[in-house]
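>
Protein chains in written order, with my numbering: chain A, 3 to 348; chain B, 3 to 348; chain C, 3 to 348; chain D, 3 to 348.
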């Protein structure tokens, strides 16, 4: 008996990814699809402009899309709603008793809502207890460019402490949703701006890496500076990072911190967890989004080129899959953690 | 009567750009083409895999390619030779009395060789007097990713002083020459490594922005950290920069420093000089390589997104054309300055 | 004293191209810009998402956008309107006495409206006399993929006659307007369908190559079969063509027919006319959109790879610039012909 | 006990694909790698520039590359050798008793060598009996652009007969091997020429669709005209086809012929066989290489847009994966058929 789940924003790009990743999930089964009024009432294949590789899963093909009203036949809601509407709709579902696992940014900074990466801050799940939604609740995952960065910073923060992080991103087109970036704008080009992205990267890690003290998150005190760019890559964000550590570290110690990093999802053997959260490569031209984004189910983060930085302490490059680890896959992993931790009961 | 010039490495990508930019030049006329033994003796169209847009200029089409021996019928040598052979060949030509204006890296750090950007360090031309080549001499221009950066730093260095520069680049494919980067390696991808590029960006600006003291260059004392990436752009390097200044500056003062920047090439009205060396844009998604690389003959540098940096002081984005301003066009501008300053006499 | 012209659909992709190509036009001067209600009343730079390379021309930067009502201060109207609205608006302008030179498809098959390519059917301009718009009139140019094909067929039709044409296109993204094709849909992909495009390619050439008999167009009797594809090219349509001729021809005769082809625009020395309408290349991998689209002001058509076809008679490849020759530039050439033929009087 | 196989040309692009596809193969196990002298003696990861997505399989990582001499420890040889050397080396291996399953073109037209597609001409395997290699033999698969076409023609040829085929291809970059096409040549471009490709497409189907009569292949009598283009797609060839049939057919009958097509590999349940050799799509913008190339293990061919052709009878679009179905996967399927048919005995 699988746990019934519903997808909000089921026709959007994150919604499609949820559907693709949940096909054959061992614990969850999609039983409801929610989308805008325009799509409601239609069969899913008629409502969606499906652009995932591979066909629409068969059982989904016959489903009728509903409006995003809290009368869906499911227990968990995965929300890929646009932030223009996600805030209120997600609250409604939570009030109606649904477990809302959201990829949208609206509730990320609510003081009682976990901004969750299972490998990084699984203890933040306790915040749920302070929520006033009755049996329902809301859990969020961070922005797609934040997740890769934080997974890589976590082992360093734990072992050496981090004072400052300078990051320049080269982000994939799928991060902009669909239709997103016009081909005329990005072929043979770079766009050195993504709306609100730098603000998210500079603030979200502080909450995620923060401590739970007396039921409240005390933000981590590092300083982050982000410059975000869109490049002609379909999937996979690449980030050039430099860090200033609080205590000294050798290159070998840093690599060891990454290579030995393992966490709750690995210990609990969650179905969507990568075997290893981060991979370090010795090749001087690695990681690359096309080569590495799909490794370990698209749920791992890939690091290379660790070397001294003459201004801060060290610099390196990070790549991760922005719509799997950075969005739908990350949310599914959050829900899996909640099941194992018995925040969700079958 | 135009000054006769020869192109070394005439079949390579920089050589082709020299030929394209010198068509109809008011002062210079190509009278000799040099390339490898394999090409020597052939008509140019049979020796070259021409990939510039637009056809081979007519007068070049009938020229025979020579070997790179110092018996060419010309006064100035523009060298686009590969660094594996440029060092010795360029010295030979200088010893034989030619004015060698090189785009190769080999002699850039010779103490008596100017590493020249006419808008930045025209006084460094005096170093030539210390060279021991008789009537000949060697002048170099910097690496393609350095030029854009230094042109933008110069007005800030003059007015506020610079302590540190952090730069992450997204560099165009034409920077790798031809055939250069395989399409299978870069479509839908980023390669976070370019051999020796970071070393060049971290060292060349120190000499260029250095002072000529008693006939010697004293390097500028700023610290530079560079991370260099290859992206799927044909022409135009984009750089995300953050800087720490020596004395405080407001955003308005910085923008004013850029907007009011003008220098020798503009005053001397050199034929290849841009009307303005740098342009600042208010649009939050500018500059972009596809939109801005060709403005002002491809010789200007384009800046946007100036904003506070929480770690250093300010951050911004820079774009410039890597094979025009950053290579062949930059070298031609060097030669034009030398003519006006009478280092070259018709 | 230049002739005042207005641009309808001035913020769209064809409208932007009109503005770019008319900067410094010797006969025409833009004095009015029309666009949708949403843009009307705004300064042009605030109304437009300008994506041409190079900046908005200065005199245009200060112009206010008007609604598309026939009270604009100009004599000629260049229309780049979307076909959803072009039909009625263009008629209104013609009735109000404007010379409407349209790139839209709505009036192309009106029996009294010329579907004009100045090198091919300049005599069709006479149809205007049958129009009932008083001093106003409407002239159209063909679809972007039709123009290149017809310019190449015309010399063959004249000399040998054509029975059948099989054409498969690989069309550029700018043909879909802006934002047009989503980057997620076309990077690393081909889309083997463009709405209505095959119908246009199979019908428009029949009218253009038709004869004017007693004031009516009698369609040409060739059969055309078209397959249209979208590929990841910014500008420039490429077409693989095979033809069955009515009378036998050698390869040399066909190439001669192309090389010797010249027509009204060349004889009249129209400002936007290419020196030669078609170019034939001997290189076995030519023509290519990136290499050839901009040659001769983007107004020429480029042909290569003529060889026997085992099913029809001959096959070859054609490339032309779809938004210059195939849209805005073609319309401007139409207006220039009308001036010289005194259909438009200053 | 798996059958030991060796890969010739193991460091090339087809060789890498063989290695990737044979990881976890139920019948075959790679026990030897052959490559050029330059690679011989090195560990595979040091000899190869691996560019497959996903890492080098672990068991391969420790293998030493050998020269391509017939002393390899294996029974079957998969050859991805360059055609400049494949002819003689493959013959040597066959003479030494190896089963050579080749992707190279050298032996494709040897009268006693099957040019094999298991769904199309499995009976041609009998030709092997005429070979004079003792226990060894050579079997080839067709060119990557041929396979997709022939799989789609086969059901039509069987049911209606085919007189003529006109095909224009848009071929992927991986078909050119590695490094293959320079990025500067193909980004924002189409190259309308691929050396020898049109000749292969016009001749190979005639042998494959030919009949085995008294131990000899009698070629099929259809006429094929091909125009081949390279486009900016990583994997997956797309082909626009028009056909003239020998007997009349309705659209429904043609679609039925495709949908009901099944053959030996499906009946024998070969491990690499697709569930269905061809898929027909109703969507008017399908098939697309990015969406469909990997479906059904990358071994199926995808068809769409069947419609009347005004010159021949019908036209449609075909897409298939050029390095899986069209190269390494096709060769593996050939070997699987040979095992089931007992041409190879464990």
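Positions of the beta carbon are idealized from the N, C-alpha and C atoms, including for glycine.
Since we're looking at a predicted model, the values are computed, not measured.
1. Tell me the DSSP secondary structure of residue 87/B in three-state form.
2. Please report the residue range of the beta strand (DSSP E) in which residue 46/A lies.
3. Measuring CA to CA, which of 68/B, 247/B, 155/B is closest to residue 40/B?
4. Measuring alpha carbon to alpha carbon, tell me which of 170/B, 280/B, 66/B, 232/B ends up nearest residue 381/B.
5. Between residue 2/C and chain B, is the shortest Cβ-Cβ distance under 8 Å, so that the two count as touching?
6. Is there a C-beta anywhere in chain F that falls below 8 Å from the one on residue 132/B?
7. Give me the Cα-Cα distance between residue 91/A and residue 51/A, rounded to the nearest whole angstrom.
8. Sorted by chain position, which residues of the same chain lie with C-beta nearer than 7 Å to residue 311/B's C-beta, five sequence neighbours on each side aside?
9. Measuring only the C-alpha atoms, how far is residue 107/A from residue 145/A?
10. Excluding the 5 residues preceding and the 5 following residue 230/C in the sequence, name in chain order all residues of the same chain whose CB lies nearer than 6 Å to its CB.
11. Taking a Cβ distance cut-off of 8 Å, strictly less, list which residues of the region 300-312 of chain D are near chain C, in chain order.
12. Is residue 296/C close to chain B, meaning its C-beta is less than 8 Å from at least one C-beta of that chain?
13. For residue 80/B, which of helix, strand or coil comes out of DSSP?
14. List the endpoints of the continuous beta strand (DSSP E) containing residue 304/C.
15. Can a CB atom of chain D be found closer than 8 Å to the CB of residue 57/B?
16. Using a Cβ-based criterion (distance less than 7 Å to any ligand heavy atom), does residue 25/C qualify as near the ligand ADP?
17. Could you tell me which residues DSSP pairs with residue 172/C in its beta bridges?
18. Below 8 Å on the Cβ atoms is my guess for residue 225/C versus residue 166/C; work out the distance and round it to an integer in Å.
19. Taking only three categories from DSSP, how would you classify residue 319/A?
20. Does the pairing of the region 81-88 of chain C with the region 47-64 of chain C give three or more beta-carbon distances under 8 Å?
21. Helix, strand or coil for residue 35/C? Go by DSSP, reduced to three states.
22. Just tell me which of 65/C, 303/C, 325/C, 209/C has its CA closest to the CA of residue 129/C.
23. Which residues of chain C have a Cβ atom closer than 7 Å to the Cβ of residue 180/D, listed in chain order?
24. Return yes when the Cβ of residue 321/B is within less than 8 Å of the Cβ of residue 291/B, no when it is not.
25. If you scan the region 109-194 of chain D from start to end, which runs of the beta strand (DSSP E) of 3 or more residues do you find wholly inside it?
26. Which residue comes first and which comes last in the beta strand (DSSP E) that contains residue 58/D?
27. Spatial neighbours of residue 240/D within its chain, please: C-beta separation below 6 Å, excluding the five flanking residues on both sides.
28. List, in order along the chain, the chain D residues whose C-beta lies closer than 9 Å to that of residue 175/B?
29. What does residue 53/B touch in chain D if you count any residue whose Cβ is under 8 Å from its own?
30. Looking at the structure shown, is residue 331/B part of a helix, part of a strand, or coil, going by DSSP?
31. Please report whether the beta-carbon of residue 166/B lies at a distance below 8 Å from any beta-carbon of chain A.
32. At 8 Å on the CB atoms, spell out the chain B contacts of residue 242/A, in chain order.
33. Could you tell me which residues DSSP puts in a beta bridge with residue 213/D?
34. Locate the alpha helix (DSSP H) running through residue 21/C, then write down its first and last residues.
35. Taking 8 Å as the CB-CB cut-off, is residue 287/D touching chain C?
36. Is the Cβ of residue 277/A closer than 8 Å to any Cβ of chain B?
According to the structure data:
1. helix
2. Note, residue 46/A: premise wrong, no beta strand (DSSP E); alpha helix (DSSP H) at 46-49.
3. 68/B
4. Absent from the structure is residue 381/B, since the part of chain B shown begins at 3 and ends at 348.
5. A question about residue 2/C goes unanswered here, because the residues of chain C that appear run from 3 up to 348.
6. The chain inventory of the structure shown lacks chain F, comprising the protein chains A, B, C and D.
7. 23 Å
8. 244, 317
9. 7 Å
10. 171, 196, 199, 200
11. 306, 307, 311, 312
12. yes
13. strand
14. 303-310
15. no
16. Annotation note on the ligand ADP: not contained in the displayed structure, which lists no ligands.
17. 231/C, 240/C
18. 5 Å
19. strand
20. no
21. strand
22. 209/C
23. Here the premise fails: no neighbours, minimum Cβ distance about 17 Å.
24. yes
25. 139-142, 164-173
26. No beta strand (DSSP E) contains residue 58/D, which DSSP labels as neither H nor E.
27. 172, 291, 321
28. 184, 185, 186, 189
29. 186, 187
30. helix
31. yes
32. 170, 194, 229, 231
33. 220/D
34. 15-24
35. yes
36. no
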